[in-house]
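In my numbering, the protein residues as written are 1300 to 1650.
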Amino acid sequence: SLGAFAGAALAHGTVTGYVADGAYFGGYKLDYYYMIQNGQTPPETSGWYAEDLDNGFVSPDAYTTDDIICHKAAKPLDSTTGKVAAGGKVEFQWTAWPESHIGPVITYVAPYTGDAADIDKTTLKWVKIDASGYNTDTKSWAAVDMIANNNTWVTTVPSTLKAGTYVFRHEIIALHGAGSENGAQNYPQCMNIEVTGSGTELPEGTLGTALYTPTDPGILFNPYTTITSYDIPGPALFGSSDSGNTTTPVDSPAPASSAPVVTSAPPATTAAPQATVTSFSTAVVSVTSTVVEVVDAPTATSSAVPAPTSTGTAGAGDALPETFTIDTFITWLKKQAGSTSSKAKRAHPRA
């Protein structure tokens, strides 16, 4: 029909079906919307009904509304469920996806009990089980990788996930306009899938309306700059203790400076700014007042002057006071130079 044609033409971002452990399960198709409008009964499907008939996305200004949970006006069509074993794979099959719509691909699960047709989506708590963003090695976004894989994204269900019935929430977040606030585009797709096996783990999830905020680093993000890392938005990944999900390598930090570092110093004797001599062999001095304090050098050198052993004024013995003026310091240095010269002469008399 003309309505079905229009729906197909406008659709550019839905999961039409999925393969779970090798078995195919049909998803919700936009044609079904028009079938329902015309009083017809669509085929049974575990995919959720949704009215994503415009550009097919949910914008950040709707993150606190029910639409972000499973898309616009989403609800389960019937009680049908797919089935996958914990540790198995679910292959989500997308419609044709524009290469310009770069961004992360994320999969969540939320447990439910009872009949799938009776699910209250506002109470579902989502656990992130799969997430991929930007690969800095290949310079490729997950959405582009999905296109290259025949418009299919493969999610491995955690082998330790507790057996039970779940709503799977599979999503692409397009970032081609995300450099501006409210420019990201979310394409959440939901389907009912039973997980079998002996797993026992099920972390506490997050309500759909609390998954993202419009200013999350992975939502308000300029993808057209040099990217060194990308923080995938949403809660922590299943099995991860991190609050975020940076799945791409980050450039290594610059090496630390090899300059010496003073590791010990006597307490300051005045509140005035102090100048610090780190080694008399290199004579690095910064003077900011007429009061100077000498601290231990980081390493001993053969030409280093002995550390002060007493207080007093220059000229009262060979020791330099701990606190002294510039004039006192210069006088002391001259005295030390003269003393060293005299000792040299006594040690090497003329023949």
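The beta carbon of each residue, even a glycine, is placed where N, CA and C say it ideally should be. Source: prediction; values computed, not measured.
Just the C-alpha distance for tyrosine 1317 and phenylalanine 1324, rounded to the nearest angstrom, thanks. 5 Å
What does the alpha-carbon distance come out to for the pair serine 1378 and threonine 1524? 46 Å
Give me, in chain order, the residues of the same chain whose beta-carbon lies closer than 6 Å to that of threonine 1406; leave out the 5 immediate sequence neighbours on both sides. Ile1428, Asp1429, Thr1454, His1469
Among Lys1328, Gly1517, Gln1488, which has the Cα closest to the Cα of glycine 1476? Gly1517
Are valine 1401 and alanine 1442 close, meaning C-beta to C-beta below 7 Å? Note on residue identity: the sequence assigns isoleucine, not valine, to residue 1401. It is a contact, given that the beta carbons lie within the stated cut-off.
State yes or no: is the beta carbon of valine 1389 nearer than 7 Å to at least one beta carbon in chain C? Looking at the structure shown, chain C is missing, and only one protein chain is on hand.
DSSP beta-bridge partners of histidine 1469: Thr1406, Gln1488
Through-space distance from methionine 1445 to alanine 1322, alpha-carbon basis: 20 Å
Pick out whichever of Val1426, Gln1336, Lys1382 has its Cα sitting closest to the Cα of proline 1534. Val1426
Range covered by the beta strand (DSSP E) that runs through valine 1453: 1451-1455
Three-state secondary structure (DSSP) at isoleucine 1526? coil
Nearest to aspartate 1414 (by Cα), restricted to the options Ser1539, Asn1491, Pro1513, Lys1634: Asn1491
Isoleucine 1471 versus proline 1403: straight-line alpha-carbon distance, rounded: 6 Å
With a threshold of 16 other CB atoms inside 10 Å of the CB of glycine 1538, please say whether the residue is buried or exposed. exposed
Does the beta carbon of threonine 1412 fall short of 6 Å from some heavy atom of the ligand NAP? Among the components of this structure there are no ligands whatsoever, and the ligand NAP is therefore not found.
Exposure label - serine 1345; buried when at least 16 CB within 10 Å: buried
Going by DSSP, which residues form a beta bridge with valine 1494? Val1383, Gly1463
Distance, Cα to Cα, glycine 1478 vs threonine 1512? 15 Å
Determine the DSSP secondary structure at threonine 1315, reduced to helix, strand or coil. strand
Run the CB neighbour count on alanine 1409, radius 10 Å, all protein chains shown included, and call it buried at 16 or more, exposed below. buried
Alpha carbon to alpha carbon, how far is methionine 1334 from phenylalanine 1520? Give it in angstroms, no decimals. 39 Å
Helix, strand or coil at tyrosine 1327 [DSSP, three-state]: coil
Contacts around tyrosine 1433, its chain only, beta-carbon distance under 6 Å, and the 5 residues preceding and following it disregarded: Trp1440, Ile1526, Tyr1529, Thr1547
What number of angstroms, rounded off, separates the C-alpha of proline 1417 from the C-alpha of glutamate 1493? At residue 1417 the sequence reads aspartate, which differs from the proline that was named. Going from the Cα of aspartate 1417 to the Cα of glutamate 1493 covers about 16 Å.
Looking only at its own chain, which residues have a Cβ that is under 7 Å from the Cβ of glycine 1482, when we skip the five neighbours before and after it? Gly1476
Name the one or two DSSP bridge partners that glycine 1346 has. Met1490
Report the option in Lys1634, Ser1497, Pro1487 whose CA atom is closest to the CA atom of valine 1456. Ser1497
Three-state secondary structure (DSSP) at lysine 1388? strand
For alanine 1372 versus glutamate 1350, is the C-beta distance shorter than 7 Å? yes
Terminal residues of the alpha helix (DSSP H) in which aspartate 1419 lies: Premise fails: aspartate 1419 is in no alpha helix (DSSP H) and is neither H nor E.
Could you tell me which of Leu1329, Thr1437, Tyr1411, Tyr1362 sits nearest to phenylalanine 1467, measuring between CA atoms? Tyr1411
Have a look at Tyr1332, Ser1358, Pro1341, Gln1339 and flag the residue whose alpha-carbon is nearest the alpha-carbon of glutamate 1293. Residue 1293 is absent from the model: the chain starts at 1300 and stops at 1650.
What do you reckon, are the CB atoms on lysine 1374 and tyrosine 1348 nearer than 7 Å? yes
With DSSP as the reference, label tyrosine 1660 as helix, strand or coil. With the chain covering only 1300 through 1650, there is no way to say anything about residue 1660.
Beta-carbon contacts of isoleucine 1368 that lie in its chain and below 6 Å, excluding the five residues immediately before and after: Lys1420, Gly1507
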